[in-house]
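K.L.:
Each protein sequence line maps, in turn, to chains A and B.
Count the first sequence with numbering that gives the first Met the number 0 and you get residues 0 to 205, in order.
Count the second sequence with numbering that gives the first Met the number 0 and you get residues 0 to 263, in order.
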Amino acid sequence: MIAIIDYRAGNLQSVLRAVEHLGHEAKITNDADAIRSAERVIFPGVGAAGATMESLRALGLDVLLKDEVFPSGKPMLGICIGIQVIFERSEEDDAECLGILPGRVKRFDESRGLKIPQIGWNNVTFARPHPMFADVPDGAHYYFVNSYYPAPSDPGLVYATSEYGDVFPCVVAKDNLVATQFHLEKSGPVGLKMLDSFCKWEPGAC
Amino acid sequence: MLTKRIIPCLDVRGGKVTKGVKFKGNVDVGDPVEMARQYYEDGADEIVFYDITASNERRDIMIDVVRAVAREIFIPFSVGGGLRTLEDMRKVLLAGAEKVSIDSGAVRNPQLISEGAKTFGSQCVVLSMQVQSVGPSGQMPSGYEIVIDGGRTFTGIDAFEWAKRGEGLGAGELCVNSIDRDGTTAGFEIELTRGMAERVGIPVIASGGGGSVEHLAEVFTEGKADAAILASIIHYGQYTIGEIKADLATRGIDMRLTNPSACG
């Protein structure tokens, strides 16, 4: 069973529908025991960093994700706000985040005349291989909605980048954790394939 | 690089897709769920549904349509038409829509934009507007007037001023519909689209009049639109979305191509 973490924000249903469409069993939950016993965990969502962290803390999920789920070695997938709150701090709301990975979350540079948020389909270039990329071509387009992007302090965590004004990291990974800035569940056939690869991923085996 | 988006628009009345010309003489053209799935498979970047059903009880039919569509397509889709309250917006989002498109409801109650943005996020709130060319005047410097209630009520509001205000209130995108061009396939109202794009810092979706690949190329370049809505030319099978996007790509416009044979 895949636990889709419910922190009372974002469009969790669309992730659930996509996972079920792919033939995997999943459940939207914020119950600690259900998350502990899940085979894998998806942390999706749309939302602001400050409000997201507040919800996670109120539900006790911040400690659970960082100190239990990540060290347990089970596959974890962050989507959109889920790629941002795994870092130490976000410029959005100046929020202190989970700190599972070293680095910060930055805002796109408004002074360059960019429309913020970025809304639409952008192409994603792989920086290094990952099991998530097994069934999708390099350079395909995925659906983004974001004003902020992750800036890991260790460049080795960056698995793919995209470009909006500047090149920015859009897939990061470490051990059993992988996260995408784009919405896998809304990125058509390639998004579904990458999501399916996550649902089958055995981090220990590669 | 961010691509330009091609967005099929499905006007839904009583659970069926319908199409008129300049908002009149609508005829049914198909089943919304089947059409949405077809456009998804053809490479649509997003899909828009407008509920043009008048009565309240029939609005539940639309929620059922949204639920059924959400199980079939895995790209963003928005729903508009008759949304007047936060609760209306919440219903369509919970049924599976990514975005809500608000129009007359926002003109009557501009707070709907700010409350929607605060509650669901700006990225969820598309401010849609029906615009008619009336010629510049003291009250209407741009010559473009906002019309509501399906083209029936003139508001005396200048379209460019309304766009700025909507952006300030938290709208995430603007959808600009030209009533003069709606359903005519005579080409987009380029001046209107460009005027909007030059005044706001949020994406502008052009709507009304798209009848050929040339029209799309024009609205994306001279019209500075980020996305364009199509209805008539794809509903009647003149072109497929895949063909349109492949053709635009050969003209140097950034497109997401999903059909490998079209990628060259």
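Cβ atoms here follow ideal geometry from the backbone N, Cα and C, with glycine treated the same way.
Can Ile6 of chain B and Ile228 of chain B be called in contact, C-beta distance under 8 Å?
P.N.:
The sequence position of residue 6 of chain B within the second sequence is 7, counting from 1. The sequence position of residue 228 of chain B within the second sequence is 229, counting from 1. Yes, Cβ-Cβ distance for Ile6 of chain B and Ile228 of chain B is below 8 Å.
K.L.:
With H, G and I counted as helix, E and B as strand and the rest as coil, what does DSSP make of Arg193 of chain B?
P.N.:
In the second sequence, residue 193 of chain B corresponds to position 194, counting from 1. In this structure, Arg193 of chain B counts as helix in the three-state DSSP scheme.
K.L.:
Would you mind telling me which residues of chain B sit closer than 7 Å to Val45 of chain A, beta carbon to beta carbon, in chain order?
P.N.:
Numbered from its first residue, the first sequence carries residue 45 of chain A at position 46. Simply Gly120 and Gln122.
K.L.:
What do you get for Lys117 of chain B, buried or exposed, if any count of 16 or more other CB atoms within 10 angstroms of its CB means buried?
P.N.:
In the second sequence, counting from the first residue as 1, residue 117 of chain B sits at position 118. Exposed, by the Cβ-count rule.
K.L.:
Closer than 8 Å is the cut-off here; do at least three beta carbon pairs connect the region 183-198 of chain B with the region 159-167 of chain B?
P.N.:
With the cut-off at 8 Å, the region 183-198 of chain B and the region 159-167 of chain B touch.
K.L.:
Just checking my contact of Ile240 of chain B with Ala43 of chain B at CB under 8 Å: how many whole Å lie between their CB atoms?
P.N.:
The sequence position of residue 240 of chain B within the second sequence is 241, counting from 1. The sequence position of residue 43 of chain B within the second sequence is 44, counting from 1. Confirmed, Cβ separation roughly 5 Å.
K.L.:
So, does the region 92-111 of chain A touch the region 123-133 of chain A, judging by three or more C-beta pairs under 8 Å?
P.N.:
With the cut-off at 8 Å, the region 92-111 of chain A and the region 123-133 of chain A do not touch.
K.L.:
Could you check which residue in B:Ser77, B:Asp27 and B:Asp41 has the C-alpha nearest to that of Lys15 of chain B?
P.N.:
Residue 15 of chain B sits at position 16 when you count from the first residue of the second sequence. It is B:Asp27.
K.L.:
Measuring only the C-alpha atoms, how far is Cys262 of chain B from Ala245 of chain B?
P.N.:
As a first step, residue 262 of chain B must be located in the second sequence, where it is residue number 263. As a first step, residue 245 of chain B must be located in the second sequence, where it is residue number 246. Residue placement at Cys262 of chain B is poorly supported in this model, since its pLDDT is 40, which falls under 50; the coordinates still yield a value, given next. Between Cys262 of chain B and Ala245 of chain B, the C-alpha separation is close to 8 Å.
K.L.:
Give me the chain A residues within the contact set of Ala116 of chain B, using Cβ-Cβ distance strictly less than 9 Å, ordered along the chain.
P.N.:
The residue labelled residue 116 of chain B in the question sits at position 117 within the second sequence. Those do not exist, as Ala116 of chain B stays about 11 Å from chain A at its closest Cβ, beyond 9 Å.
K.L.:
Gly208 of chain B and Glu221 of chain B: beta carbons closer than 8 Å?
P.N.:
Mapped onto the second sequence, residue 208 of chain B falls at position 209. Mapped onto the second sequence, residue 221 of chain B falls at position 222. Taking 8 Å as the Cβ cut-off, Gly208 of chain B and Glu221 of chain B do not qualify as a contacting pair.
K.L.:
Should Gly171 of chain B be flagged as near chain A, meaning a C-beta pair shorter than 8 Å?
P.N.:
For the purposes of this step, residue 171 of chain B is identified with residue 172 of the second sequence, where counting begins at 1. Output row for Gly171 of chain B: interface = yes.
K.L.:
List the residues of chain B that Gln117 of chain A touches, going by C-beta distances under 8 Å, in chain order.
P.N.:
The count along the first sequence starts at 1 and reaches residue 117 of chain A at position 118. What Gln117 of chain A touches in chain B: Leu1.
K.L.:
Just tell me which of A:Val45, A:Ala139, A:Gly22 and A:Ala172 has its CA closest to the CA of Ser152 of chain A.
P.N.:
Locating residue 152 of chain A in the first sequence gives position 153, where the first residue counts as 1. Among A:Val45, A:Ala139, A:Gly22 and A:Ala172, the Cα nearest to that of Ser152 of chain A belongs to A:Ala172.
K.L.:
Is DSSP giving Ala172 of chain A helix, strand or coil here?
P.N.:
The residue given as residue 172 of chain A occupies position 173 in the first sequence. Ala172 of chain A falls in the strand class under three-state DSSP.
K.L.:
Using DSSP with H/G/I as helix, E/B as strand and the rest coil, what is Tyr39 of chain B?
P.N.:
By 1-based counting over the second sequence, the position of residue 39 of chain B is 40. Note: Tyr39 of chain B maps to helix in three-state DSSP.
K.L.:
Between Gln12 of chain A and chain B, is any beta-carbon pair separated by less than 8 Å?
P.N.:
Sequence index remark: in the first sequence, residue 12 of chain A carries index 13 (1-based). Closer than 8 Å to some Cβ of chain B, the Cβ of Gln12 of chain A qualifies, so yes.
K.L.:
Measure from the C-beta of Phe48 of chain B to each C-beta in chain A and report whether the shortest distance is under 8 Å.
P.N.:
Against the second sequence, residue 48 of chain B aligns to sequence position 49. With 8 Å as the cut-off, Phe48 of chain B does not count as an interface residue toward chain A.
K.L.:
How is Trp120 of chain A classed by DSSP in three states: helix, strand or coil?
P.N.:
Position 121 of the first sequence holds residue 120 of chain A. Note: Trp120 of chain A maps to strand in three-state DSSP.
K.L.:
Please check if any C-beta of chain A sits within less than 8 Å of the C-beta of Gly95 of chain B.
P.N.:
Against the second sequence, residue 95 of chain B aligns to sequence position 96. By this cut-off, Gly95 of chain B is an interface position.
K.L.:
Given that Arg16 of chain A touches chain B, what residues does it touch there, using C-beta distances under 9 Å?
P.N.:
Taking the first sequence and counting its residues from 1, one reaches residue 16 of chain A at position 17. Within chain B, the residues near Arg16 of chain A are Ala69, Arg70, Phe73 and Gly95.
K.L.:
Residue ranges of each alpha helix (DSSP H) run of no fewer than 4 residues wholly in the region 79-105 of chain A, ordered along the chain?
P.N.:
Listed in chain order, they are 80-83.
K.L.:
Please state the DSSP three-state secondary structure of Gln131 of chain B.
P.N.:
Taking the second sequence and counting its residues from 1, one reaches residue 131 of chain B at position 132. Strand, per DSSP.
K.L.:
Counting Cβ pairs, one atom from each stretch, are 3 or more of them under 8 Å apart for the region 95-107 of chain B and the region 76-86 of chain B?
P.N.:
With a cut-off of 8 Å, the region 76-86 of chain B and the region 95-107 of chain B count as touching, because enough Cβ pairs lie within range.
K.L.:
Step through the CB atoms of chain A and report whether any lies within less than 8 Å of the CB of Gly251 of chain B.
P.N.:
As a first step, residue 251 of chain B must be located in the second sequence, where it is residue number 252. Not one chain A Cβ lies under 8 Å of Gly251 of chain B.
K.L.:
Three or more C-beta pairs closer than 8 Å, one from the region 189-204 of chain A and one from the region 144-161 of chain B: is that the case here?
P.N.:
No, the region 189-204 of chain A is not in contact with the region 144-161 of chain B.
K.L.:
Can you give me the Cβ contacts of Leu97 of chain A inside the same chain, cut-off strictly under 7 Å, excluding the 5 residues immediately before and after it?
P.N.:
Within the first sequence, residue 97 of chain A is the residue found at index 98, counting from 1. Asp61, Leu64, Lys65, Val84 and Ile85.
K.L.:
Pull up the DSSP beta-bridge partners for Glu144 of chain B, would you.
P.N.:
Translated into positions along the second sequence, residue 144 of chain B becomes position 145. According to DSSP, which records beta bridges pairwise, Glu144 of chain B is partnered with B:Gln131 and B:Asp157.
K.L.:
Of all the options B:Ala94, B:Val212 and B:Ser136, which has the alpha carbon lying nearest to the alpha carbon of Tyr238 of chain B?
P.N.:
Position 239 of the second sequence, counting from 1, holds the residue named residue 238 of chain B. Answer by Cα proximity: B:Val212.
K.L.:
Determine whether the Cβ of Lys185 of chain A lies closer than 8 Å to any Cβ atom of chain B.
P.N.:
By one-based count along the first sequence, residue 185 of chain A stands at place 186. By this cut-off, Lys185 of chain A is an interface position.
K.L.:
Could you name the residues of chain B that Lys114 of chain A contacts, counting a contact when the two beta carbons are closer than 7 Å?
P.N.:
By 1-based counting over the first sequence, the position of residue 114 of chain A is 115. Per Cβ cutoff of 7 Å: Gly200, Ile201 and Pro202.
K.L.:
Less than 7 Å separating the Cβ of Glu33 of chain B from some heavy atom of the ligand GDP?
P.N.:
As presented, the structure is devoid of all ligands, the ligand GDP included, so that no description of it is given.
K.L.:
Taking the beta strand (DSSP E) that Pro188 of chain A falls in, what are its first and last residues?
P.N.:
To locate residue 188 of chain A, count along the first sequence from 1; it is residue 189. Premise fails: Pro188 of chain A lies in the alpha helix (DSSP H), Gly187 to Lys199, not in any beta strand (DSSP E).
K.L.:
Tell me which same chain residues have a C-beta within less than 7 Å of the C-beta of Leu247 of chain B, skipping the five on either side of it?
P.N.:
Taking the second sequence and counting its residues from 1, one reaches residue 247 of chain B at position 248. Within the same chain, Leu247 of chain B has close Cβ partners Val212, Leu215, Ala216 and Met254.
K.L.:
Exposed or buried, what is Glu109 of chain A when buried is set at 16 or more other beta-carbons lying within 10 Å of its beta-carbon?
P.N.:
Counting from one through the first sequence, the residue named residue 109 of chain A turns up at place 110. Answer is exposed; the Cβ neighbour count stays below 16.
K.L.:
Quick one: using the 10 Å Cβ neighbour count with 16 as the cut-off for buried, is Met61 of chain B buried or exposed?
P.N.:
As a position in the second sequence, residue 61 of chain B is number 62, starting the count at 1. Flag for Met61 of chain B reads buried.
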